[in-house]
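To keep things clear, I will list the structure first and then write my remarks on it.
Number of protein chains: 2
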Amino acid sequence: MNAESLKGHLDLLVLAVTSAGPIHGYGVIERLRERSQGSFDLAEGTVYPVLHRLERAGLLEHEWSEASGRRRKLYRLTPAGQARLVEQRAGWREFVDAVESVLRRNPWPQTA
Amino acid sequence: MNAESLKGHLDLLVLAVTSAGPIHGYGVIERLRERSQGSFDLAEGTVYPVLHRLERAGLLEHEWSEASGRRRKLYRLTPAGQARLVEQRAGWREFVDAVESVLRRNPWPQTA
DNA sequence: GCTTGACACCTAGTGACGCGAGGCCTAGCA
DNA sequence: TGCTAGGCCTCGCGTCACTAGGTGTCAAGC
Chain A
1 MNAESLKGHL DLLVLAVTSA GPIHGYGVIE RLRERSQGSF DLAEGTVYPV LHRLERAGLL
61 EHEWSEASGR RRKLYRLTPA GQARLVEQRA GWREFVDAVE SVLRRNPWPQ TA
Chain B
113 MNAESLKGHL DLLVLAVTSA GPIHGYGVIE RLRERSQGSF DLAEGTVYPV LHRLERAGLL
173 EHEWSEASGR RRKLYRLTPA GQARLVEQRA GWREFVDAVE SVLRRNPWPQ TA
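Line by line, the protein sequences are chains A and B.
Note that the working numbering has the first sequence beginning at 1, numbered continuously upward.
Note that the working numbering has the second sequence beginning at 113, numbered continuously upward.
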């Protein structure tokens with residue numbers, strides 16, 4: 001998977017995963033890896049800053065939980081976050097359609 | 113359209129557009145705008161550096177043409193560029209599938 | 001007891017790259 | 001004369017994924 005291909009789409013993924021219910025950072029990583037069949041194997045240094053950014057933007061909120069000595073920061077979508085997720089999904093659709101329609105008209109490299 | 117969403121996918125688009133036959137930088141911009149129904153309205157400062165980078169990488173080559181006092185730099189895919197295009201297409205497919213499968217399992221924000 | 005690895009959090013710095021802003025030139029039209 | 005469209009270019013900025021490094025708990029194996 002291309003190094004840069006995620007740029008601008010990570011927020012969508014994190015918001016989507018969060019929309020299924022409260023989840024902590026490490027869990028986000030696991031869930032993305034599972035659901036993408038291993039295509040998205042994100043570093044912690046990738047995911048945590050995203051969560052912080054989304055929270056600063058008011059799209060997520062968190063509460064701490066403690067289970068068997070393990071503290072977890074459980075994130076949940078705010079109403080603003082849900083709205084943003086809807087926008088992001090629409091943007092994703094538009095983006096995919098745009099790329100596909102460019103690819104469609106230039107089907108495959110002509111062997112000269 | 114998201115500001116960053118193109119990152120990592122621009123090469124694919126430019127290679128695809130170039131695969132249809134020799135084309136100059138300005139033409140790449142126009143063709144992408146047309147074929148994406150206006151979704152991709154790229155700045156020259158976006159496209160020219162990409163063309164230069166792709167050429168440095170051996171994926172494109174150019175020749176100058178002169179028509180009615182207008183000089184154009186016509187780019188063409190090299191064999192390596194064609195191979196790269198095939199790879200990039202596959203990568204794009206994988207990327208879309210991965211994102212979609214994340215989105216599929218988290219259908220829409222639950223109105224809690 | 002000690003080490004290793006999974007679980008769980010964090011941040012500073014780097015590098016890639018799309019894009020805005022600017023500059024240069026010709027042709028055509030008002 | 002000035003403006004717009006066509007054509008080329010580069011520099012600098014900001015964003016953001018990622019690397020590398022740090023802290024701590026707990027369970028399993030030696």
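Here a beta-carbon is modelled for each residue, glycine too, at the ideal position from N, C-alpha and C.
Against chain B, does A/E30 count as a neighbour if the rule is that its beta carbon must be under 8 Å from one of theirs?
Start at 1 with the first residue of the first sequence, and residue 30 of chain A comes out as number 30. No, A/E30 does not count as interfacial toward chain B.
Measure the C-alpha to C-alpha separation of B/P191 and A/R89 and round it to an integer number of angstroms.
Locating residue 191 of chain B in the second sequence gives position 79, counting from the first residue. Locating residue 89 of chain A in the first sequence gives position 89, counting from the first residue. Cα to Cα, B/P191 sits roughly 36 Å from A/R89.
If A/E55 and B/M113 are in contact, beta carbons under 8 Å, what's the gap, nearest whole angstrom?
The residue given as residue 55 of chain A occupies position 55 in the first sequence. The residue given as residue 113 of chain B occupies position 1 in the second sequence. So it is not a contact: roughly 25 Å between Cβ atoms.
Output, in chain order, the set of chain B residues within a Cβ distance shorter than 7 Å of A/R35.
Locating residue 35 of chain A in the first sequence gives position 35, counting from the first residue. Chain B residues near A/R35: S213, V214 and R217.
Through-space distance from B/V208 to A/R84, alpha-carbon basis:
Counting from one through the first sequence, the residue named residue 84 of chain A turns up at place 84. Counting from one through the second sequence, the residue named residue 208 of chain B turns up at place 96. Rounded to whole angstroms, A/R84 and B/V208 show a C-alpha spacing of 20 Å.
In chain order, what are the residue ranges of uninterrupted alpha helix (DSSP H) at least 4 long that sit wholly in the region 6-90 of chain A?
Qualifying alpha helix (DSSP H) stretches, in chain order: 10-18, 25-35 and 44-56.
Is the region 125-135 of chain B touching the region 152-172 of chain B, taking contact as three or more C-beta pairs under 8 Å?
The answer is yes - the region 152-172 of chain B touches the region 125-135 of chain B, with three or more Cβ pairs under 8 Å.
Please report the distance separating the alpha-carbon of B/E156 from that of B/Y138.
Working through the second sequence from its first residue, we reach residue 156 of chain B at position 44. Working through the second sequence from its first residue, we reach residue 138 of chain B at position 26. Linking B/E156 to B/Y138 through their CA atoms gives a straight-line distance of about 8 Å.
Which of helix, strand or coil DSSP assigns to B/A115
Position 3 of the second sequence, counted from the start, is the residue given in the question as residue 115 of chain B. Correct three-state label for B/A115: coil.
Closest Cα partner of A/L74 within the set A/D11, A/V28 and A/H9
For the purposes of this step, residue 74 of chain A is taken as residue 74 along the first sequence, with counting starting at 1. Measuring from the Cα of A/L74, the nearest candidate turns out to be A/V28.
Could you name the residues of the region 122-142 of chain B whose beta carbon sits closer than 7 Å to any beta carbon of chain A, in the order they occur along the chain?
For the region 122-142 of chain B, which is checked against every Cβ of chain A, the residues closer than 7 Å are L125, A128, V129, S131 and A132.
Chain B partners of A/E61, CB-CB under 7 Å?
In the first sequence, counting from the first residue as 1, residue 61 of chain A sits at position 61. What A/E61 touches in chain B: nothing, since even the nearest Cβ is about 12 Å away.
If you draw a straight line from the C-alpha of A/H52 to the C-alpha of B/L125, how long is it?
What you label residue 52 of chain A is simply residue 52 of the first sequence in a count that begins at 1. What you label residue 125 of chain B is simply residue 13 of the second sequence in a count that begins at 1. Roughly 32 Å between the two C-alpha positions.
If you reduce the DSSP assignment to three classes, tell me which class A/R104 lands in.
Here residue 104 of chain A corresponds to residue number 104 of the first sequence, with the count starting at 1. Annotated three-state conformation of A/R104 is helix, per DSSP.
Rounded to the nearest angstrom, what separates B/A210 and A/V47 at their Cα positions?
Looking up residue 210 of chain B in the second sequence gives position 98. Looking up residue 47 of chain A in the first sequence gives position 47. Computed Cα separation, rounded: 17 Å.
Cβ-based burial, B/R143 [other Cβ within 10 Å; buried from 16]
One-based indexing of the second sequence puts residue 143 of chain B at position 31. B/R143 should be labelled buried.
Apart from the five residues on each side of it in sequence, which residues of its chain come closer than 7 Å, Cβ to Cβ, to A/P109?
As a working mapping, residue 109 of chain A is identified with position 109 in the first sequence. Low per-residue confidence applies at A/P109: pLDDT is 48, beneath 50, and the placement is therefore not dependable, though the value from the model is reported in the following sentence. Around A/P109: no qualifying Cβ.
Which term fits A/L35, buried or exposed, when burial requires 16 or more other beta carbons within 10 angstroms of its beta carbon?
Mapped onto the first sequence, residue 35 of chain A falls at position 35. Inspection of the sequence shows that residue 35 of chain A is occupied by Arg rather than by Leu. Within 10 angstroms of the beta-carbon of A/R35 lie 16 or more other beta-carbons, which makes it buried.
What does a CB cutoff of less than 6 Å around B/V198 pick up in its chain, not counting 5 residues either side in sequence?
In the second sequence, residue 198 of chain B corresponds to position 86, counting from 1. So no residue of the chain qualifies.
Sub-8 Å separation of A/L77 and A/V50 beta-carbons:
Sequence index remark: in the first sequence, residue 77 of chain A carries index 77 (1-based). Sequence index remark: in the first sequence, residue 50 of chain A carries index 50 (1-based). Against a cut-off of 8 Å, the Cβ pair of A/V50 and A/L77 comes out as no contact.
Check the C-beta distance from A/E8 over to B/A115 and give it rounded, since I have them as a contact under 8 Å.
The sequence position of residue 8 of chain A within the first sequence is 8, counting from 1. The sequence position of residue 115 of chain B within the second sequence is 3, counting from 1. According to the sequence displayed, residue 8 of chain A carries Gly and not Glu. That pair is a contact at about 7 Å.
Anything in chain B within Cβ reach of A/V96, meaning under 7 Å, just list it in chain order.
In the first sequence, the residue the question calls residue 96 of chain A occupies position 96. Proximity of chain B to A/V96 at the Cβ level (cut-off 7 Å) is accounted for by V208, in chain order.
Counting C-beta neighbours from all protein chains within 10 Å, is the total for B/G150 16 or more, i.e. buried, or is it exposed?
Here residue 150 of chain B refers to the residue found at position 38 of the second sequence. Burial check for B/G150: the Cβ neighbour count within 10 Å stays below 16, so the residue is exposed.
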